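Protein chains: 2
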Amino acid sequence: MTVSTRDPRGGAVPRSSVKDVAAAAGVSLGTVSNVLNRPDRVSPATRARVEQAMADLGFVRNESARQLRAGTSRTLAYVLLDATNPFFTDVAAGIEERAEAADLSLFMCNSSNSAAREKGYLDHLAEQRVQGILVTPVDPESPTLDEVIQRGIPLVVVDRTRSRPGVCSVSVDDELGGRLAVEHLVDRGHQRVAYVGGPATIGQVRDRWVGAVGAWRETGLPEADLVQMATAALTVEEGRRAGERMLGLPTRRRPTAAFCANDLLALGLLQHLITSGRRVPEDLAIVGYDDIDFAAAAAVPLSSVRQPRQLLGARAAELLLDETANPAHQHERVVFTPELVARTSTLG
Amino acid sequence: MTVSTRDPRGGAVPRSSVKDVAAAAGVSLGTVSNVLNRPDRVSPATRARVEQAMADLGFVRNESARQLRAGTSRTLAYVLLDATNPFFTDVAAGIEERAEAADLSLFMCNSSNSAAREKGYLDHLAEQRVQGILVTPVDPESPTLDEVIQRGIPLVVVDRTRSRPGVCSVSVDDELGGRLAVEHLVDRGHQRVAYVGGPATIGQVRDRWVGAVGAWRETGLPEADLVQMATAALTVEEGRRAGERMLGLPTRRRPTAAFCANDLLALGLLQHLITSGRRVPEDLAIVGYDDIDFAAAAAVPLSSVRQPRQLLGARAAELLLDETANPAHQHERVVFTPELVARTSTLG
DNA sequence: TTGTATGCGTTATCAA
DNA sequence: TTGATAACGCATACAA
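Residue numbers (full-length UniProt numbering), protein chains in the order written: chain F, 1 to 348; chain G, 1 to 348.
Structure below.
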């Protein structure tokens, strides 16, 4: 249903500047500027007149001009990989908490896992001269990030690290996370495990796999029994597809447990199994990654590798703020430790 | 675990301007500008020289200056109520699709349901002279929105409507949604239903309640048997709390079904019931609202009132773009129709 | 306490 | 095809 209401357009909009305000208040341009920036240096009487004029004219300070003159902005930006993944919005909440405390605005930009889109946003933000950028990059080694840094814009890498220094990063040990997941499954007696994740271009997917393989080797189980099941994306929908493929396997070759590269995949996989009348963990145990809020609320409460999401963001924001404010800033590489949260999906 | 790597700070960063580029390339300032904006009006030879100089100096166009001069920006912004709610990020995805097609950047700002924060973002965006703003407001009648409009910035209200015209809005009929949910529950034989939602300051919460009440009255059932269960927020956590209160009620007075103001509440409520050993829908039927992706993947697949999330965003972006580009733009009020998706949580 | 003048980096107009 | 110059709106140093 679409109801359309047609109205005449609002009247013309005269944008007023400090000059207009000055004229209206019968003062000079500099005085208006003083009212805006150092009200204490203006007598109460004239200040009141100026403020009245500003209200009458609907004056709005032009941030572009202010910034051009001042050279600095009051904005931070977070370029994230996937806005529809609650993990990243939780990280963003941590960033925003710190940004707000510093009286800075936070703009979120969604790269949707596209390097091109990411570059577009980074370029735009550089041109806007934002005060600093936080980014969970498609590829942390990409020269795009170096360009931003060379342009003199403080940048912090979030949820990834960089082999070269020259930048702060805050991340969680993804290899350890992969290791924890596999160790847990092996402890529970599983001898044939699937790693569900992809595309491999995503660093998190690779690192968690590396950790999984490392732990698997130490068990002495046949390498071939840790099988990769590639997905096209880290989404609920792709998780369902993985479920279809999983159930398509002959029982002999079917893994008894799955470790998913994130919770969205795990939830989709879980859903498909339940819908198909299978039991979790009896027919297939599942471990996810991130421990988003929805993991505990799933069809079968989901075991997952927990990351300190808010803290990740908060710490990253702190480092960024230090870099913008502290001339003696030293780049840091902060690595948090993940933690396995065991629930019904592996405990039965 | 925290590993810190300390490195010496990177060298000084000389920001270069068109003037520097002009000097380096041995041309005038205007020519550099032409290379930037109308490359065809510059001879290939000098263009190459200028481009080389730009690369050498790491030149980045200053968007503030450009904008100050041009008066226009290449940015859209979406101020949303809750970035951690997948409903809004799905709406944002719809907006971004259209924005990208128009070669515009989209900045997302999270008001976190705070009127103060919302005003802070809107003011900042107005000062930045963004090309247009989409907003899911805390209160659509708030004068804050009028201020933005009076400042001449095109604005579209998303997922809400406004009693006064003078602005485009794209929404879904929340009263109808509430009605659909209650009618479905009554059809399934429920005679005592809880409406779980709050705070009532949130418009969506009120409208869905109004629809629920309307449908209930038409059944002739005692009014007192549609009970409100207020929550402090629309979150999974608050849903769990509602579950505790629900189970705390004496069986006689306990509703047999719950209609939740959004899916996050419904998922929390569901989770608490399952954890407490109750069965859904046998002990309590549940209907959520929004039909986010996680609803179908829940402990018990959740019945929910579906809204066209991406379409909502896309249509809103279209209206905004029309307003910025078309002098004959007419404000429209677009209302989509919700749809009940019945799943196990009410069907058993 | 208030006014005047200058420049931030860019684009656009006009003249060469 | 290229160069010189004047704004855009603001903040600041300095003069009054």
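From the three backbone atoms N, C-alpha and C, an ideal C-beta is built for every residue, glycine too.
All values derive from a computational prediction rather than experimental measurement.
Item, Value
"Taking the Cβ atom as the reference point for each residue, do G/Arg179 and G/Gly211 lie within a distance shorter than 8 Å?", "yes"
"Let me know if G/Pro8 comes out buried or exposed under the rule of 16 or more other beta-carbons within 10 Å of its beta-carbon.", "For G/Pro8, the pLDDT reaches just 34, beneath the cut-off of 50, and the residue's location in the model is therefore unreliable, although a value from the coordinates is still provided. Exposed is the call here."
"What residues in its chain sit with their C-beta under 8 Å from that of F/Ser28, if we drop five residues either side in the sequence?", "Ala22"
"Is the Cβ of F/Gly348 closer than 8 Å to any Cβ of chain G?", "no"
"When the cut-off is 8 Å and only beta carbons count, does G/Glu96 lie next to chain F?", "yes"
"Quick one: is G/Glu63 near chain F, going by C-beta distance under 8 Å?", "yes"
"Just the chain G side, please: which residues come within less than 8 Å of residue 349 of chain F by C-beta, in chain order?", "With chain F running from 1 to 348 in the structure shown, residue 349 of chain F is simply not present."
"G/Ala115 touches chain F at which residues, Cβ-Cβ below 8 Å?", "Residues of chain F passing the Cβ test: none, with the nearest at roughly 14 Å."
"Assign G/Phe259 to one of three DSSP states: helix, strand, or coil.", "strand"
"Give, in chain order, every unbroken run of the alpha helix (DSSP H) that is at least 4 residues long and sits entirely within the stretch 228 to 284 of chain F.", "236 to 248 and 263 to 275"
"Between the stretch 144 to 163 of chain F and the stretch 184 to 196 of chain F, do at least 3 Cβ pairs fall closer than 8 Å?", "no"
"Find out if the Cβ-Cβ distance for the pair G/Gln307, G/Val172 is shorter than 8 Å.", "yes"
"Leaving out five residues on either side along the sequence, give the residues of the same chain with a beta carbon under 7 Å from the beta carbon of G/Val148.", "Leu122, Ala126, Ile133 and Leu155"
"Are the beta-carbon atoms belonging to F/Ser73 and F/Arg129 less than 8 Å from one another?", "yes"
"For chain G, is any of its Cβ atoms less than 8 Å away from the one on F/Leu145?", "no"
"Do F/Val182 and F/Phe294 count as a contact pair if the criterion is CB distance below 8 Å?", "no"
"CB G/Gly239 to CB G/Leu267, shorter than 8 Å?", "yes"
"For a quick check, are the C-beta atoms of residue 398 of chain F and F/Thr344 less than 8 Å apart?", "Within the shown structure, residues of chain F are numbered from 1 to 348, placing residue 398 of chain F beyond reach of any answer."
"Just to confirm the assignment: which complete beta strand (DSSP E) runs, minimum length 3, are found wholly within the stretch 83 to 155 of chain G?", "105 to 110 and 132 to 135"
"Could you list which residues in chain G have their beta carbon closer than 9 Å to that of F/Gln131, in chain order?", "Near F/Gln131 there are no residues of chain G at all, since even the closest Cβ is about 13 Å away, more than 9 Å."
"When you compare only the Cα positions, how much space is there between G/Thr2 and F/Ser114?", "Low per-residue confidence applies at G/Thr2: pLDDT is 42, beneath 50, and the placement is therefore not dependable enough to give any value."
"Helix, strand or coil, according to DSSP, for G/Asp187 in the structure here?", "helix"
"Is the shortest distance between the beta-carbon of F/Arg309 and the beta-carbons of chain G less than 8 Å?", "no"
"Taking C-beta to C-beta, are G/Gly214 and G/Val305 nearer than 8 Å?", "no"
"Looking at C-alpha atoms only, which residue of G/Gly26, G/Val60 and G/Leu76 is the closest neighbour of G/Arg47?", "G/Gly26"
"Can you tell me whether DSSP reads F/Arg333 as helix, strand or coil?", "strand"
"Under the rule that 16 or more other beta-carbon atoms within 10 Å means buried, what is F/Gln204, buried or exposed?", "buried"
"So the candidates are G/Thr31, G/Lys119, G/Arg309 and G/Ala342; which of them puts its Cα closest to the Cα of G/Asp187?", "G/Ala342"
"Does the beta carbon of G/Phe259 come closer than 8 Å to any beta carbon on chain F?", "no"
"DSSP puts F/Val287 in a beta bridge; with which residues?", "F/Phe259 and F/Ser303"
"The stretch 167 to 186 of chain F: which residues have C-beta closer than 8 Å to a C-beta of chain G, in chain order?", "Asp173"
"For G/Asp293, decide whether its Cβ has a neighbour in chain F, counting only Cβ atoms nearer than 8 Å.", "yes"
"Check the C-beta distance from F/Met108 over to F/Leu145 and give it rounded, since I have them as a contact under 8 Å.", "Contact flag wrong, Cβ pair sits at about 18 Å."
"By the three-class DSSP mapping on this structure, what secondary structure does F/Val193 have?", "strand"
"Over what stretch of residues does the beta strand (DSSP E) that includes F/Thr75 continue unbroken?", "Thr75 to Leu80"
"If the cut is a Cβ gap below 7 Å, which residues of chain F does residue 351 of chain G touch?", "Within the shown structure, residues of chain G are numbered from 1 to 348, placing residue 351 of chain G beyond reach of any answer."
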